[in-house]
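Undergrad:
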DNA sequence: AGAACCACCTGGCAGC
DNA sequence: TGCTGCCAGGTGGTTC
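Residue numbers (my numbering): 111 to 382.
#1: Under 7 Å, do residue 186 and residue 266 count as touching if we go by C-beta distance?
#2: Indicate the three-state DSSP secondary structure (helix, strand or coil) for residue 222 in the structure shown.
#3: Put residue 281 into one of helix, strand or coil per three-state DSSP.
#4: Considering only residues of the same chain and omitting the five flanking positions on each side of residue 121, which have a CB-CB separation below 7 Å?
#5: How long is the line joining the alpha carbons of residue 229 and residue 133, rounded to whole angstroms?
#6: Considering only the beta carbon of each residue, do residue 306 and residue 255 sit closer than 7 Å?
#7: Please classify residue 264: does DSSP put it in a helix, a strand, or coil?
#8: Go through its chain and collect everything with a Cβ distance to residue 226's Cβ below 6 Å, but skip five positions before and after it.
#9: Just list the alpha helix (DSSP H) runs in the region 230–258, keeping only unbroken ones of 4 residues or longer that don't cross its boundaries, in chain order.
#10: Taking DSSP as the reference, what is the three-state secondary structure of residue 142?
#11: Between residue 378 and residue 363, how many whole angstroms is the CB-CB distance? I'm expecting something under 8 Å.
#12: What is the residue span of the alpha helix (DSSP H) that residue 388 lies within?
#13: If I follow the unbroken beta strand (DSSP E) through residue 296, where does it start and stop?
#14: Go through its chain and collect everything with a Cβ distance to residue 141's Cβ below 6 Å, but skip five positions before and after it.
#15: Along the beta strand (DSSP E) that carries residue 215, what are the first and last residues, could you check?
#16: If residue 380 and residue 292 are in contact, beta carbons under 8 Å, what's the gap, nearest whole angstrom?
See below:
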């Protein structure tokens, strides 16, 4: 599933290719996404110029000057630049038609994603309650320590809560906690200052590494060129239940937290 | 306010 | 080989 590094990779890849392009319209083939795609999307975007592409958490914000698009890739979404005449596949639900003859094609087999129009995307209700960006300079151990006081939820659930910290999905939550040497079951409020700093550092390190590697966390993820990413090959714990820890050799554990799989090493990751 | 749980969706895969 | 049924997972919403 596209996590923050994948979304950032897509954003960085698209910027030089679509910025300052005029939109000739939008072609919607399937409007039933997480929320319905606006019926009049074609009229909304027509003749607008793509002036910017920002990101908030995993939301991509396309600045069209007078309004903008909010796109979320959900769990299986991707965006590809492709010639307009290229026939769309089964799950390629909509095209944004560019003046250069290409289209930005939105594909999402599971339809958990979203394509919305908004006059002021930065102020959309969906973005209003989002927490701190883990890649922002002000994100550090002090922030984690302060946010986690008085909270009893397991630390893994805590770092995946987008109202507190945005963009950390299941895979990178598992990887970050391993790198920080923290047991995913540890109540957030029990985190020491030292652990908070280790965790902040581990989260940033994990995300930066994934972005540098081209960012991918799902077999069917493709970037804006249609190439698969390769970060999934270097997971330390995710999906490796029963296999030996790459650090200490102990078999890795698998538990369920908040209806999601957690993977950890009981030797390397401590509860205090 | 915080925590727990549910709904949405479909490709992929295990089991028969 | 083909069918059934379960799982994964981000996020907003509901319930406790």
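Positions of the beta carbon are idealized from the N, C-alpha and C atoms, including for glycine.
TA: Based on what the coordinates show:
#1: Locating residue 186 in the first chain gives position 76, where the first residue counts as 1. Locating residue 266 in the first chain gives position 156, where the first residue counts as 1. Going by C-beta atoms, residue 186 is not nearer than 7 Å to residue 266.
#2: Your numbering for residue 222 matches position 112 in the first chain. In this structure, residue 222 counts as coil in the three-state DSSP scheme.
#3: Locating residue 281 in the first chain gives position 171, counting from the first residue. Of the three classes helix, strand and coil, the one that applies to residue 281 here is helix, per DSSP.
#4: The residue you call residue 121 lines up with position 11 of the first chain. Hits under 7 Å: 163, 165 and 170.
#5: Here residue 229 refers to the residue found at position 119 of the first chain. Here residue 133 refers to the residue found at position 23 of the first chain. One C-alpha to the other measures close to 16 Å.
#6: Sequence index remark: in the first chain, residue 306 carries index 196 (1-based). Sequence index remark: in the first chain, residue 255 carries index 145 (1-based). It is a contact, given that the beta carbons lie within the stated cut-off.
#7: Taking the first chain and counting its residues from 1, one reaches residue 264 at position 154. DSSP places residue 264 in strand when its eight states are reduced to three.
#8: Along the first chain, one-based indexing puts residue 226 at 116. Result list for residue 226: 180, in chain order.
#9: 235–238 and 251–258
#10: As a first step, residue 142 is located in the first chain; it is residue number 32 there, counting from the start. Note: residue 142 maps to strand in three-state DSSP.
#11: For this step, residue 378 is matched to residue 268 along the first chain. For this step, residue 363 is matched to residue 253 along the first chain. Wrong, their Cβ atoms sit about 11 Å apart, outside the cutoff.
#12: Residue 388 is absent from the structure shown; the chain starts at 111 and stops at 382.
#13: Walking along the first chain from the start, residue 296 turns up at place 186. That residue, residue 296, is in no beta strand (DSSP E); it is neither H nor E in DSSP.
#14: The residue given as residue 141 occupies position 31 in the first chain. Contacts found: 147.
#15: For the purposes of this step, residue 215 is taken as residue 105 along the first chain, with counting starting at 1. Per DSSP, residue 215 belongs to the beta strand (DSSP E) from 212–217.
#16: For the purposes of this step, residue 380 is taken as the residue at position 270 of the first chain. For the purposes of this step, residue 292 is taken as the residue at position 182 of the first chain. With 8 Å as the limit, residue 380 and residue 292 qualify as a contact, their Cβ atoms being about 7 Å apart.
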